[in-house]
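Sequence positions in the sequence shown follow my numbering and run 13 to 348.
Using N, Cα and C, we set each Cβ at its ideal position, and we do this for glycine too.
Shown next, in structure tokens, is the structure this report addresses.
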Amino acid sequence: MVSIKTIAEECGVSIATVSKALNNHSDVGVATKQLVCETAKRLGYLPNAQARALKTNKTYNIGVLLNDKAKSGLTHCYFSAVLDGFRVEAEKKGYDITFICGQIGGSSMSYYEHCVYRCVDGILAACVDFYSNEVRELMDGDIPMVSIDFRNENGYSVSSDNAEGISAIVRYVYECGHRKIAYIYGDSSQVTTTRLNSYRDTIKELGIQLQPDYLKQGRHLDSEITEKLTGEMMNLLDPPTCIIVPDDLSAIGAMNAVKKVGKTIPDDISIVGYDGIQMTQLMNPSLTTFCQNTYEIGRTAADLLIKIIKKIEIPFSQHNIIVGGHLIKGNTVKHI
């Protein structure tokens, strides 16, 4: 196994110089640093993680908390795409990822205890119940943390622009001539509250009378409930001409409901999703939806968290970052 001593002998420098060069110390010349790093790479040198942790007081390990009531986690198209952007950026900066759970070797422990046990330098929290005691313990703890789609005034977050997303959808549907615009919204959460308020505000701004029957609570990623609620809306005495659903997977349920009663999209009713997952663009008709910039959300979260870990000063205006998206004009909205 290649050691620092081996590299020192190969380069003709001291062990201390090799150590400083590998850790990018400023008192080592550029040429020497380059020589040491190239030699280390050529010889296949791999630093010992435990030794590096003892020396730097950092493990270069980030804990990822990805667990919700629906147990969707990595199967959730949105959050798995966010995590991909996070992973790529973290790896670029030399960090590994550990998934945080409540079990270690059959023994139960809190999320915080697991993070301490794994010696993580920081935490990414996504797709979790931010109001649970365990997650609150993390948010109030001493480990740097960034949350996805949950704004914490005393912490750090990166969120999709949910208010703009729903507003963009309603305005586009309005421009297409629709005035009877219904909204099936998701589970109770900060994201849902933001989207619901944006729907109400935009409807009011456009001069449309809000119809209580056009608002129904469904569940994210639940096509069956969306199918049922879509059927109920179509059976109203004065049914909507367009229905916005919580996410793209839920849109599949809405489309099934329309087909079951022998109607077609968009001729008989228009459907709009949310997320912008690729699969829905391959369907016929392709789904009109709001595409969230998942990769950038993940990349930004990694960049922000690593800055916090490194104790880099961050302006207050950058504590809670919002990332925009864009509307995909598919073929599920009729111009009337």
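Check: Sheet register partners of D250 (DSSP bridge); Outcome: D250 is not bridged to any residue.
Check: Nearest-angstrom beta carbon gap, T300 and A266 [assumed within contact, 8 Å]; Outcome: Not really, about 12 Å apart at Cβ, beyond 8 Å.
Check: N-terminal and C-terminal residue of the beta strand (DSSP E) that D152 is part of; Outcome: Looking at the DSSP string, D152 is not in any beta strand (DSSP E), and its letter there is neither H nor E.
Check: N-terminal and C-terminal residue of the beta strand (DSSP E) that I357 is part of; Outcome: In this structure the chain extends from 13 to 348, so residue 357 is not present and cannot be described.
Check: DSSP state of S169 mapped onto helix, strand, coil; Outcome: strand
Check: H126 in three-state terms, based on DSSP; Outcome: helix
Check: Delimiting residues of the beta strand (DSSP E) encompassing V284; Outcome: 282-284
Check: One or two residues paired with V335 in a DSSP bridge; Outcome: S172
Check: CA-to-CA distance, S235 to E125, given in whole angstroms; Outcome: 36 Å
Check: Distance, M295 Cα to S144 Cα; Outcome: 38 Å
Check: First and last residue of the uninterrupted beta strand (DSSP E) at F302; Outcome: 301-303
Check: Proximity winner among S169, V94, F91, L77, relative to C127 (alpha-carbon distances); Outcome: L77
Check: Per DSSP, the bridge partner or partners of Y197; Outcome: Q229
Check: Alpha helix (DSSP H) runs contained entirely in the segment 21-61, provided each spans 4 or more residues; Outcome: 27-34, 42-55
Check: Nearest neighbour of N35, chosen from L58, A137, R54, G24 [CA to CA]; Outcome: L58
Check: Extent of the continuous alpha helix (DSSP H) to which T110 belongs; Outcome: Careful: T110 lies outside any alpha helix (DSSP H), inside the beta strand (DSSP E) at 108-111.
Check: Among G167, G198, G342, I215, the one whose alpha carbon lies nearest that of H190; Outcome: I215
Check: G310 - DSSP class collapsed to helix/strand/coil; Outcome: helix
Check: Buried or exposed (CB count within 10 angstroms, at least 16 for buried), S15; Outcome: exposed
Check: Proximal residues to Y90 (C-beta, below 7 Å), its chain only, five neighbours per side dropped; Outcome: D287, Q304, T306
Check: For A138: DSSP bridge partner residues; Outcome: L78
Check: Beta-carbon contacts of R99 that lie in its chain and below 7 Å, excluding the five residues immediately before and after; Outcome: I109
Check: Rounded Cβ spacing between L208 and Y197 (contact assumed at less than 8 Å); Outcome: 5 Å
Check: Three-state secondary structure assigned by DSSP to D260; Outcome: helix
Check: Identified DSSP bridge partners for Q159; Outcome: For the record, residue 159 in the displayed sequence is Ser; it is not Gln. S159 is bridged to A137, S169.
Check: Three-state secondary structure assigned by DSSP to N73; Outcome: strand
Check: Three-way DSSP call (helix, strand, coil) for I237 in this model; Outcome: helix
Check: DSSP beta-bridge partners of I255; Outcome: A194, I283
Check: Distance CB(L317)-CB(V158) smaller than 8 Å; Outcome: yes
Check: Buried or exposed by the 16-neighbour rule on C-beta atoms within 10 Å, applied to A28; Outcome: exposed
Check: Proximity below 8 Å, CB of E239 to CB of A269; Outcome: yes
Check: Cβ shell of Q202 (< 8 Å), same chain only, five flanking positions each side left out; Outcome: F142, D161, F162, R163
Check: Sub-8 Å separation of V345 and S262 beta-carbons; Outcome: no
Check: Local Cβ density within 10 Å of R311, reported as buried at 16 or more and exposed below that; Outcome: buried
Check: For H88 and L233, the rounded distance between their alpha carbons; Outcome: 8 Å
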